[in-house]
Amino acid sequence: MTKPQAYIKDLNEFVGKEVTLKGWLYNKRSSGKVKFLILRDGTGLLQCIVFKGNVSEEVFETADSLAQEASFEVTGLVKEEKRAPGGFELDATDVKLIAASVDYPISPKDHGIEFLMDHRHLWLRSKRQAAILRIRHRIIKAMRDFFDDRGFTLFDPPILTPNACEGTSTLFETEYFDLGSAFLTQSGQLYAEAGALALGKVYTFGPTFRAEKSKTRRHLTEFWMVEPEMAFFDLDDDMDLAEEFLEYVIQTVITERKSDLDDLERDTTLLEQVKRPFPRITYEEAVKILHEKGVDFKYGDDFGAADETIISDHFQKPVMVHRWPAETKAFYMKRDENNPNLALGVDVLAPEGYGEVIGGSQREDNLDLLIERIKEHNLPQEYFEWYLDLRRYGSVPHSGFGLGLERTVAWICGLDHIRETIPFPRMIYRNTP
RNA sequence: UCCGCGAUAGCUCAAUGGUAGAGCAUUCGGCUGUUAACCGAAGGGUUGUAGGUUCGAGUCCUACUCGCGGAGCCA
């Protein structure tokens, strides 16, 4: 048997028993005839005590020789111990080296971001990065559970696409055999619409790509998006779903991953308040808020990062901004029947300066109007014929939204940069390791 | 693409234009309860690249490279 008898997270079930654990040396302290080995096993950290009088000379030498991140197994008695972080300790009776680690580059003191990103494959072993990745995993599970439990079908759109989905962003381009160029998808939405008209309620969950030369703390070139799309949903139904979704995900994660959030020293006071209903304001009302705060903002422009922060700080909860000037929005958005200059789109702005985490809309379901929009945006109609078919054969009102996973992880974890939210971030000046 | 800042030991950072230093990491020694342990010692440098000013450049000037922060674009 090579797998460990127990994992650190389950040690409360082993108090008073002798177990063998396996992992890596996180840190080591010593005081003459006693060694303190900090074991890391992927589920937590555990201090293992090696007293010279309790073990053989050989075992004590082995404990002494372990370097940072050496892999080893340790056998001993599990004890409750108030002085130890986590509340448990292991009184070691045996220590065996599995494999050495020579000159591990990431020492316990400070490091710069460039060095850490160069060693991202090793940085992931740190307590902080492991906590973030466990939270990311729990967020993804909560999202899938939410849709799975509400009659949605997972619908995987293609990643290689023949055209720009929205015609606005710069995309990564690649040769595709004899068929010319293909592009890495920037959104699965148009395909999800086909899914919604086939299956009723679907969601996509996968990577998306933007070749924009964005250089900010909120952008990656490769990021994950979850995009529900629902037949017979109007914009209000869409907003109802978005706020129920955010409430479920956040309340689940702050309950289930509390210890990881504590390790990140995340103050969850504002996250606990993320409960329905969220404020819903029109674009026009949002502009009014900016003007009242003395911001020089022109009606019709899109909000910048600073503007979003001012609007969300006004509420201390996620705020839904709907009914935008149509010129700034994508071609597929339906117009407001009461004012055709407005698009039935909604952006959800997260509090604490995290900005837009959700963008959604009711889609244009009228064939003639959609063709008109494609022409207005100078898009090649031949690429959209399949999309227009969705309006030719039993068109229905439908809506959906897209949520940026990494921005949500950054928000929940309270991170100041999106690059720590994904194992190997892809940014404008970095595609390694 | 634009604006701003930066690059010195493996890492994080010091160093009036005048002999390049500290902490961590590594190696050796000490300590039976340490919490980024502590105490003592040792090894470790083409100061990002190229050029210029000067008796003398890590320091001043020019260009370039790379990185960081922000803007725009967006999730």
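Taking our numbering, the leading residue of the first sequence gets 22, the next gets one more, and so forth.
Even glycine gets a Cβ: it sits at the ideal position worked out from N, Cα and C.
Please state whether DSSP places THR295 in a helix, a strand or coil.
-> The amino acid occupying residue 295 in the given sequence is Val; Thr does not appear at that position. Residue state, collapsed to three classes: coil.
Per DSSP, cross-strand counterpart(s) of HIS343 = THR303 and VAL367
Is ALA219 buried or exposed, if buried means 16 or more other CB atoms sit within 10 Å of its CB?
-> exposed
Under the three-state DSSP convention, the category PHE176 falls into | coil
Please name the residue in PRO183, LYS49 and GLU397 whose C-alpha comes closest to that of ALA84.
-> LYS49
Would you mind stating whether PHE193 and LEU205 have Cβ atoms separated by less than 8 Å?
-> yes
Taking Cβ positions, are MET341 and MET260 nearer each other than 8 Å?
-> yes
Ends of the alpha helix (DSSP H) at MET164?
-> 148–169
Mind checking whether VAL40 and VAL80 have CB atoms under 8 Å apart?
-> no
Do three or more CB pairs link the segment 399–417 to the segment 211–218 at distances below 8 Å?
-> yes
Starting from the N-terminal side, write out each stretch of the beta strand (DSSP E) that is 3 residues or longer and does not extend beyond the segment 45–94.
-> 55–61 and 66–72
Over the uninterrupted alpha helix (DSSP H) stretch that includes LYS396, give me the two end residues.
-> 388–397
Name the residue from SER147, GLY380 and GLU441 whose alpha carbon lies nearest to the alpha carbon of ASP62.
-> SER147
Classification of THR237 by the beta-carbon crowding that lies within 10 angstroms, buried from 16 upward = exposed
Among residues of its own chain, excluding the 5 on either side of ALA163, which ones have a beta-carbon nearer than 7 Å to its beta-carbon?
-> TYR269, VAL270, THR273 and VAL274
Paired residues, beta bridge with SER333 - DSSP = Bridge partners of SER333: none, in fact.
Endpoints, the beta strand (DSSP E) within which ILE379 is located = 376–383
First through last residue of the beta strand (DSSP E) which encompasses LYS117 = 109–120
Over what stretch of residues does the beta strand (DSSP E) that includes PHE422 continue unbroken?
-> 419–425
Using the rule of at least 16 other Cβ atoms within 10 Å of the residue's Cβ for burial, across every protein chain shown, is PRO129 buried or exposed?
-> exposed
Between which two residues does the alpha helix (DSSP H) harbouring VAL274 extend?
-> 256–277
Measure how close the beta-carbons of PRO372 and SER333 come, nearest whole angstrom, since I'm counting them as under 8 Å.
-> 5 Å
Which residues share a DSSP beta bridge with GLU196?
-> SER202
GLU248, enclosing beta strand (DSSP E) - first and last residue | 243–252
Secondary structure at ARG231, three-state DSSP: helix, strand or coil?
-> coil
Helix or strand or just coil, what does DSSP make of LEU98?
-> strand
Is the beta carbon of LEU118 sitting closer than 8 Å to the one on ILE70?
-> no
Coil, strand or helix - GLU358 by DSSP = coil
Cα-Cα separation, LYS279 to GLN150 = 15 Å
Residue from LYS100, GLY108, PHE244 and GLU293 whose Cα sits closest to the Cα of THR442 | PHE244
Verify whether the separation of the beta carbon atoms of PHE93 and LEU143 is less than 8 Å.
-> no
State the Cα-Cα distance for the pair ARG344 and LEU365, rounded to the nearest angstrom.
-> 5 Å
Got a sec? Which residues, its chain only, sit under 6 Å from ALA152 by beta carbon, not counting five neighbours each side?
-> ASP281, ASP284 and LEU285
Determine, using beta-carbon pairs with one atom in the segment 392–404 and one in the segment 375–383, whether at least three such pairs fall under 8 Å.
-> no
Quick one: what's got a C-beta closer than 7 Å to TYR125's C-beta in the same chain, skipping five residues either side?
-> ALA88, GLN89 and GLU90
For GLU373, three-class secondary structure by DSSP = coil
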